[in-house]
Amino acid sequence: MTSLPSSTDRKLGLVIDLDTCVGCQACVTSCKEWNTGGHMAPLTDIEPYGAEPDGVWFNRVHTYEQATDTGSRTVHFPRSCLHCETPACVTVCPTGASYKRSSDGIVLVDEDKCIGCKLCSWACPYGAREYDTEVRVMKKCTLCVDRIYNENLPEEDRVPACVAACPVGARHFGDLGDPASPVSRLVEEREGVDLMPELGYRPVNKYLPPRARPSGSDESAPAQLEPVTAEGGFFGWVDRMLSG
Amino acid sequence: MHPAFSVIFFTTSSGAGYGLLALMGIGAAAGLMPDSAMLAIVGLGLALAMITAGLLSSTFHLGHPERAWRAFSQWRSSWLSREGVLSVLTYIPAVIFSGGWVLFGVDAGFVRIAGLLAALGALATVVTTAMIYASLKPIPDWSNRFTLPVYLAFSLATGAILLNGIQALTVAPVPALRWLAIVFILIAWALKVAAWRHNDSLALPTAASATGLGTGEVRSIEWPHTQENYILKEMGYQVARKHAARLRRIAQGLAFALPLVLILIGALAGPAATFLPVLAAVLAVLSMVPGVLTERWLFFAEARHTAALYYGYPHARTK
Amino acid sequence: MTSSPAGANSRPSQRPLNTTVAPPEGDGVETSPKVADTVKRTTCYMCACRCGIEVHLDNGKIRYIGGNRKHPVNRGVLCGKGSAGIMQHYSPARLRKPLLRTGERGSGEFREIEWDEALKIATDRLANIRATDPKKLAFFTGRDQSQSLTGWWASRFGTPNFAAHGGFCSVNMAVAGLYTIGGSFWEFGEPDWDHARYFLLFGVAEDHDSNPIKIGIGKLKERGAKVVSVNPCRTGYNAVADEWVGIRPGTDGLFVLALVHELLKAGKIDLDYLIRFTNAAHLVINDPGAADDGLILRDAAGEPLVWDRASKSAKPANTRGVAPELAGSFEVGGRTVRPSFQLIAERYLDDAYSPDAVAERCGVPADQIRRIAAELAHAAFDQAIELPIAWTDMNGVRHETMTGRPVAMHAMRGISAHSNGFHTCRAIHLLQVLLGTVDVPGGFRSKAPFPKPVPPGPKPAGKDGGKPDSPLSDMPLGYVHAPEDLLVDENGGPIRIDKAYSWEAPLSAHGLMHTVIRNAWAGDPYKIDTLFMFMANMAWNSSMNTAETMKMLTDKEADGTYKIPFIIYSDAYFSETVPYADLILPDTTYLERHDCISLLDRPISSADAPGDAIRYPVVEPDRDVRAFQTVLLDLGARLGLPGMVADDGSPKYRDYADYIVNHERRPGVGPLAGWRGEIGDEHGKGAANPDQLDRYIENGGFWKYELPEEARYYKMANRAYLDFAHRMGFIDKAEPITFHLYSEVLQRFRLAARGHGDVRPPESERARIDRYFDPLPIWYTPLLEADVDTGALPLHALTQRPMHMYHSWGSQNAWLRQITNENRLFVHHATAAKHGIADDDWVWIESEHGRVKGQVRLVDGVNPDTVWTWNAIGKRHGTWGLSKDAPEATRGFLLNHTISDLLPAKGAQRRYSNSDPVTGQAAWFDLRVRLVKCAPAEAGMTEPQFPDLPAPPDMPKSPKVLSYGRLFRKLRAAAS
Ligand SMILES: Nc1nc2c(c(=O)[nH]1)N[C@H]1C(S)=C(S)[C@@H](COP(=O)(O)OP(=O)(O)OC[C@H]3O[C@@H](n4cnc5c(=O)[nH]c(N)nc54)[C@H](O)[C@@H]3O)O[C@H]1N2
Ligand SMILES: Nc1nc2c(c(=O)[nH]1)N[C@H]1C(S)=C(S)[C@@H](COP(=O)(O)OP(=O)(O)OC[C@H]3O[C@@H](n4cnc5c(=O)[nH]c(N)nc54)[C@H](O)[C@@H]3O)O[C@H]1N2
Ligand code: SF4
Ligand code: SF4
Ligand code: SF4
Ligand code: SF4
Ligand code: SF4
Ligand SMILES: [Mo]
C-alpha cells in the first residue's frame, strides 16, 4: 500500500557521524556485497570492466569541502535511504511496490510489483533510489531487513552490514522512535540533524555534524611554554631536577 | 532532469489530445459543434490517437510494461496511478462520444452528455499529469503553483490550435474557436513566462542544507563513483543557460507567437475554408508541434533535482 | 554491568535491536533467509593488514565476507577492500596456467605450458646458476607475507641478492625505529588508543595497520582526545583531525626538532625516563681526530659508563643505585667525556631550531609550533595518568603503578619516503622519548616480537658474494652495526646487485628493490642471469621512472640477447609486469591457498597480545594455478637445496602447509607459535604439532597470547615481558633494552669516513657518509630538491593511497574500480589561480625527469606548494581485464613517470639512486614539479601512452554485465 502508515511501531534507522567518518568506503562495499546476494539481489553492475562502469549501490560516500568564515574543512558524507517518515517516494508509487512498513518504518520496494516507472526516484530528494537497468526495477537500501532479524545469523551480527563494517565506528543503528534508545540519546547529545528538513520528508536517519574544532586543544593548555629562566638556565634546571 | 523523449512525447501528445477532446466535448455539450461526422472522425480520431500514442509511449518508459495494470491500484495516494485510472476511464465517455457523434450526430442527448464527461475526464487527466510533476518537492522547478495551470493551458491551447487546423481542413468551421485558440495561446504563453520567471528566481535548497552541514559553501570535491550513475543520468541533466535562453525563445516563437499570428491572419483573412485561413491553420499546427516539444524538453532539461546537489551541481542556473 | 559484546562496533548504538524477532508485517519479506551453509574463518589479503575474515559460502559460492569479531587485528570490522574480496577472487584478470614467452619481451605474447615444463625450465636455469655463481640469481619479492620463507630459500640457494619490498616502501621507518627504540612505527607498534589524550599523526593516508588505525581513531574521537595531523594533504584521517598542520613536504624534521627545542627550553622533558631507559646519560668521548671520538665510553666488559653524581666518577651504567649526570663535561682517564644528553641539549637548544627559524621553511606558523609544543607538554606532564598495575623492572624493582604520559605518535610514508626520512623519523622518536611516551600507558607501544635490542641483530649474510652450490651462512637481510658488517668488496664496491649494505646505503636493512632492474640492466656492479620476482608490479607502479624501466627490461645486447637474460615472475593476475617476463608462474588467490603470518615475519600481534595467523583454502582453484610458496618449495626440492630435501633426496615438504607445520628455524621455533608440541599444548617454542593447522582453523585462523597486565607496558625494561619474550625466542637474552637517542652505529660510519677503522669508504663516498651519519637527528633539504632548480619546479608532488584501493590490484575489482577509476591532480585554489589554471583543466605535470598529463581538481585542503594525486590508479591499456577504453588508461595517470630513479647528474660524479643516503629508502615524495596548462587539443587523454597489451591466451573476456548474487536469490526461491 503506498498510503503511508499513520504511525509506525518503531522508527528504525541509521545515525552517521560526520565528525569521524574518514571516507574509507567500507560501508559502501560491505553494503554492496551483502545486498547483492540479499533481499534485492542482485545489485547489477553494467560495464563492470569497461569505460563507464555503472552499478547499483545502496550506499555511496561523497567528499566535500566546506568553507566557512572560520576556515575550511573536508567532510566525508555517506548517503543512503533515510527511511523518511513521510516520504513521497512511497506515496507517488502507482503500483504499491514502494511502501513503508508499519512495524519498523523501513521503506522497501516490492520488486515483483514494481513497473520501473522511476517516479519514486524523482520523488526522493536524497537520491537514495537506485534503478537496476538490467532487472528493470527500482532498488534501495533495505536497512538490511534480511540481517537485523535474521535467525540464521548469530544474534550479535544482526545489525546492518554497513554498521558492522565501519572501521571507525561512525555508523549507528537503532530505533529513533524511542527517545530512550542509545541512538536517540546519541542524536540528542550530539545535536543530530535532518537533511533538507524544509522538504518535510522527516527523515529517520540522522547525521551528527562535525564537532567544532578549536585551534587550541584542551583549554587548560597554555599557548606556549615558558623557558626555564632560573639560575643556570636549562642546564641549571637539569641539575636541580637531578639533585631533587 | 533527463529529458526522456518518451515522457516529452507522452505529455505533449496526450496533452494536446486531451485538450482537443475536451474542447470538442465541451463544444458538443454546449451545442457549438457543427454536426459533421468528418469533424468527429478527424478531430476525435486524432485526439484519441494522440492520447493513445502518448499513453503507449509512456509505457515504453517503464521497466516492466507487462505489469502496467498494477499502476491502477494506488489512486488513493499516487497521482501517477490516478492519471492511469482517469486516462482509462476517460476512454469510456470518449468512445461513446466519438461513436455516438459519428453514428447519431453530435446533437444526440447522450452524445452531448458523453461529450461533457469525456471533456471532464480529459481535463482531469491533464490535471493528474500536471500534479505528478507539481507534487515533486525535490524539483522546485515543478512543484510550484504554475505547473498545473501551465499544463492545463498548454493542453487547451494545443488542443485549440489542433481543432482550428482540423476545422479549417474539414468542412465545419466554427470561427469562434479561432478566438478561443488565441485566448488559450495567450494564457499559456503568459503562464509559461511567469513560470520561467518564477523558476529563474527560485531559492533552491543548497548543498549545505542537503548535507546538513548548515553553513558556508559546501563544494563537492569527489563523487562517490567516478563515472555517472543512475541518479546523475536521470537527475543530473544540466543545460547551459545560454542554450536554454535560446531554446526558450524558439519555444515561444514556435508554440505561441507564430501560431498566434497565423491564426490571427486566418481570422482576419476572411471566410473560413478559403485557402489562406486553411494554410494559416495548418501552419499553426506545424509550428506548434516543434514549439511545444521544445518547451517540454526544456521543462525537463531545466528542472533541477535536489539529489544533484550531492554531486556538486550548481543550483543557480549555469551560464 | 553486562559484559559488552565482542568486536569493535559494540557501542550500545551499534548493537542489534533489543528484540531481534521480526515483527509481523505481512509484506512477505523473508527476514531470515539462509545466509550460508558453511562459514570459514581465514585471513584477508586484499591488503597486507591481515584482518580476520569470515567467508560465508552457500553451495560453494562466496555469499558474503564479513569481519571476524574475535580477531585481534580488525575485531569484526572490515575496510572497503576487504568487503570487495569476492570481486578480487572472481577477477577476470586471474592468470590461469603457466606461461612461456613466445614473442618479444614486452609484447605480451605467450603460450600456455604445463607446470612440469615450467618447473623444469626454471630448475635447469637455476641449477646452472647455483653450480656456477649463485649471485647471478636476483630474487626479489613484493608485499608478500612469507619473507621468512623466501629469505630462507635465497639463503639456502646461496644468493645474497634477495630482498622484499621494504626498500622502496618504508625501510626508513623500520631502521630509524629499530636503531633508536628497538621497535618501529609502520605496523610494528601502535599508539595506546585506549589511553592517549593527544595524538600526533605524521604523514599517514592509510598504512598497513589499516583497520587498527581506524578503530583507534574512532576510540580517540569517542573519548574526545585531540588528534593532530601533520600532513600536506587534508584527506581521510587528516580530514577528521582536530587540527591539521598542512606542512610543506620534507620539512617534518625541522618541525619536530623545533618542538624538541621548545620542550627543552622549558624543561618539559622526562629526565627520569631518560636516565632509566635511554642512553642519554652514557658518556660520549670528546676527542676530535681520535679513532673513538664520539663513541661511548665503556668499561672492559663493554658496559657503557655514566657519570655518577654521588661519587663524582664514571660508573658502569648498570651499576645499582647509580645516579647519573645528564649534563656537563667530565674527565675520565684523561679524556673529555660528556653525557650524550648534553650533546642533545646543546644542539637543539640552538636558535637554529627555534620555531621562528623553521616556520617559513615548514609552512607552519611559529605560534602554532609553540602552541603544539605547549599542548604536548600539557598532555604528557599535566595530564599524566597512573594505571594501578604493579610491575617489576629489570633491576628487580617493583613499581606499584604504571605512569602514563598520554601523548602518542604515529608516522609513516610521509616521513619515510623522503631522502631525509631516516633522520626525521629518528627526530620523532627523540621527541617521544624526551616526553617519556614510548611504551608507557597513553604512548607509543611496541608489538611483539618488538622491542628488540638496539641495534638489532642478526647481521646480513653474503659478504663473500655466495659460493657455488653452497648456502649462505645466514639470512641475506640483517642489520649492520659497523662498517665491518657491510657487504662491500676490497675496493669498497657493492657486493649485492641492489647495492644494499654498500656505502651508498649502509643501513639498507630491507634491500633496494627499486634499483635492481637498472643495476641488472647496466651490469652494475655485475651482470646477472636470472631475475626472479614475486608479487611486485615492477614494470608499472612500484618503479620510479616507469617508462625507462620497461625499456631496460626489453633492452638487448649487441648480440641480440636480452641485457637481463631471463626473468621469472609469479603474479596471480594479468598485471603490467606479466608481459615482461619469460616465464610466468601463476599464483592462487588469497582464498585458495595456505599462508602463514608469522612471528618470524610480519605477524598479527597487538601491543597487548603477540599473535600469528594463517590463511587456508576456503575454495578450490578453478584454474591450473599453484600457490607460489608451494612452488618455491618444489623448486627448492628439485634444486636439492639444503633443508628442502630429505636425506633420500625426496622433497622434504609436501607443500607450504606441510612446511608451515613442520619447518623449524631453530629447535622448537617454527613459522607458527601457537599450539606447538606434540599434543599442541605449548606456545612459542615446542615440537611440531601435526594438528597445528586444524587448531588454527578451529580458532578462527589465528593464535594470540594475551600478555598478563604487568607485561603490557615498559616492555624495554619489564621483567615479566622480557622473560616472556626470551622464552618465546623473540630476543636472545632477557636484558633491558636501552633506547639510543645518540646512535653509536651512525658515529662508527662517520669515523670510518674520517679515516678510522679497517673498513673505510672510498674517497668519493667520504663526504657523503660524514654528512649523513650524524649520531643525532639532523635535517637537510631532500636530496633531489637540493639538486634541482626549485624556482623552475616550484611545487612538491605527492601521491596518497586511496583507502579502498590497494596499489595496482584494486582496478581489476569490479566494485572498487567503480569508486575510483580515474585520478585527478589536486591543486590548491590559490596556487591554481597563480598558474592560470581552472577546475577540470588538463595540465602537464613536469619534473626535471619527465612529464605526465592529468586533469586538475581544485581544493582548499592541501599545502599550497603541494599538488597530489591518488596512487596507482593509472593503468596501462589492455591490462587487468579492463577494456581498452577504460578510464584507468585514458584519463588515469601514473605519477611515477615523473619520478627519476636516480638523482640528477652532477658533473662527472656517479649518479646516486634517488634514495635516503642512510637506508636506501626510495624517495618517492621528494619530487618537484611545475604545472603547464595543456593546449586545448591536448586535453582529454593522459600521456604518456604505451602500446596495448594483449591478454594472455585463454583469458576469458570480461563480462559486460555482472549480476553477482543472482544465484543466491534463485537458491532461496527454490528453497521456499
Ligand atoms: N588502502 C590501501 N592501504 C594500503 C596500501 C594501499 O595501496 N592501499 N598500501 C600499503 C603499503 S605498501 C604501504 S607502504 C602503506 C603506506 O601507508 P601510508 O604511509 O599511509 O602511505 P601514503 O598513502 O603514501 O601516505 C603518505 C602520506 O604522507 C603524506 N606526506 C607526504 N609527504 C609528507 C611530508 O613530507 N610530511 C608529512 N607529514 N606528510 C607527508 C601524504 O600526504 C600522505 O597522506 O599503506 C599500506 N596500506
Ligand atoms: N608514485 C608512487 N609510487 C609508489 C608508491 C607511492 O606512494 N607513490 N608506493 C610504493 C610502495 S610503498 C609500494 S609497497 C609499492 C607497491 O607496488 P607493488 O609492489 O608493485 O604493488 P602492486 O601494484 O600491488 O603489485 C603487486 C603485484 O602483485 C600481484 N599480486 C596480487 N596478489 C597476488 C598473489 O596473491 N600472488 C601473487 N603471486 N601475486 C599477486 C598483483 O597482481 C601485482 O601485479 O609501490 C611503490 N610505488
Ligand atoms: S530517503 Fe528517499 S527513498 Fe528513502 S524514504 Fe526518504 S524519500 Fe524515500
Ligand atoms: S519505479 Fe517501481 S517502486 Fe518506484 S514508483 Fe515506479 S513502480 Fe513504484
Ligand atoms: S542498512 Fe544495509 S542496505 Fe542500507 S546502506 Fe546499510 S548496508 Fe546498505
Ligand atoms: S565505513 Fe564508516 S568511516 Fe568508512 S566511509 Fe563508511 S561511515 Fe565513513
Ligand atoms: S585492511 Fe581491509 S583489505 Fe586489508 S586485510 Fe584488513 S580487511 Fe583486508
Ligand atoms: Mo609499501
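Residue numbers (my numbering), protein chains in the order written: chain A, 324 to 567; chain B, 56 to 374; chain C, 88 to 1063.
Even glycine gets a Cβ: it sits at the ideal position worked out from N, Cα and C.
Taken atom to atom, the span from the alpha-carbon of P673/C to that of P697/C is near 33 Å. In this structure, the alpha-carbon of V494/C lies about 23 Å from that of A446/C. DSSP, reduced to helix, strand and coil, places M489/C within a strand of the structure shown. Measuring C-alpha to C-alpha distances from A236/B to each of L246/B, A249/B, L211/B identifies L211/B as the nearest. Going by beta carbons, V317/C and V332/C fall inside the 8 Å limit. Under the DSSP assignment, C683/C falls in the beta strand (DSSP E) whose first and last residues are 682-684.
Fewer than three pairs of CB atoms, one per stretch, sit closer than 8 Å, so the segment 463-470 of chain C makes no contact with the segment 436-445 of chain C. At the C-beta level, N405/C and E390/C come within 8 Å of one another.
The residue among P581/C, T267/C, K184/C, D437/C with its C-alpha nearest the C-alpha of R198/C is K184/C. For Q293/B, not one C-beta of chain A is nearer than 8 Å to its own C-beta. Residue contact check for A414/C against chain A: a CB pair falls below 8 Å. Around the beta carbon of H282/C, 16 or more other beta carbons sit within 10 angstroms, so the residue counts as buried.
The three-state reading of DSSP puts Y566/C in coil, since its state is none of H, G, I, E or B. Around the beta carbon of P336/C, 16 or more other beta carbons sit within 10 angstroms, so the residue counts as buried. Its chain contains D145, R150 as the residues whose beta carbon lies nearer than 7 Å to that of F1055/C, once the 5 sequence neighbours on both sides are disregarded; these appear in chain order. Along the segment 899-923 of chain C, the positions whose C-beta sits under 7 Å from a C-beta of chain B are Q905, I906, T907, N908, E909, read in chain order. Around the beta carbon of W590/C, 16 or more other beta carbons lie within 10 angstroms, which makes this residue buried.
As a beta-bridge residue in DSSP terms, D395/C pairs with S400/C, P411/C.
When C-beta distances to chain B are compared with 8 Å, the residues of the segment 414-438 of chain A below that value are T414, V415, C416, P417, T418, G419, A420, K436, C437, I438, in chain order. Residues of the segment 507-539 of chain C with a C-beta atom less than 9 Å from some C-beta of chain A do not occur.
Using a 10 angstroms sphere on the CB of K971/C, the tally of other CB atoms stays under 16, which defines it as exposed. For H385/A, at least one C-beta of chain B is nearer than 8 Å to its own C-beta. Identification of chain C residues near I276/B by a Cβ-Cβ cut-off of 7 Å yields R944, V946, ordered along the chain. V140/B and Y472/A have their C-alpha atoms roughly 38 Å apart. An exposed status is given to E478/A, since fewer than 16 other beta-carbon atoms sit within 10 Å of its beta-carbon.
In its chain, beyond the 5 residues on either side, H964, G965, K971 have a beta carbon closer than 7 Å to the beta carbon of D1035/C. Taking C-beta atoms as the reference points, Q234/C and A218/C fail to come closer than 8 Å.
Distance check between R98/C and each of G419/A, R508/A, E356/A, P520/A places R508/A closest, using alpha-carbon atoms only. Within the same chain, Cβ atoms closer than 6 Å to the Cβ of D427/A are found at R333, L335, the five residues on either side in sequence being excluded.
DSSP lists H486/C as the bridge partner or partners of W478/C. Between ligand 8 and the CB of H116/B, the shortest heavy atom gap is not smaller than 7 Å. With a cutoff of 8 Å on beta-carbon distance, E412/C and R434/C are scored as not near each other. Between the segment 651-658 of chain C and the segment 919-929 of chain C there are fewer than three C-beta pairs closer than 8 Å, too few to call the two in contact. Taking all protein chains in view, the Cβ of A535/A is surrounded by fewer than 16 other Cβ atoms within 10 Å, so the residue is classified as exposed. Nearest in C-alpha terms to P563/C, of all of D551/C, F1033/C, R904/C, L870/C, is D551/C. One thing to note: W134/B has its Cβ no nearer than 8 Å to the Cβ of I194/B.
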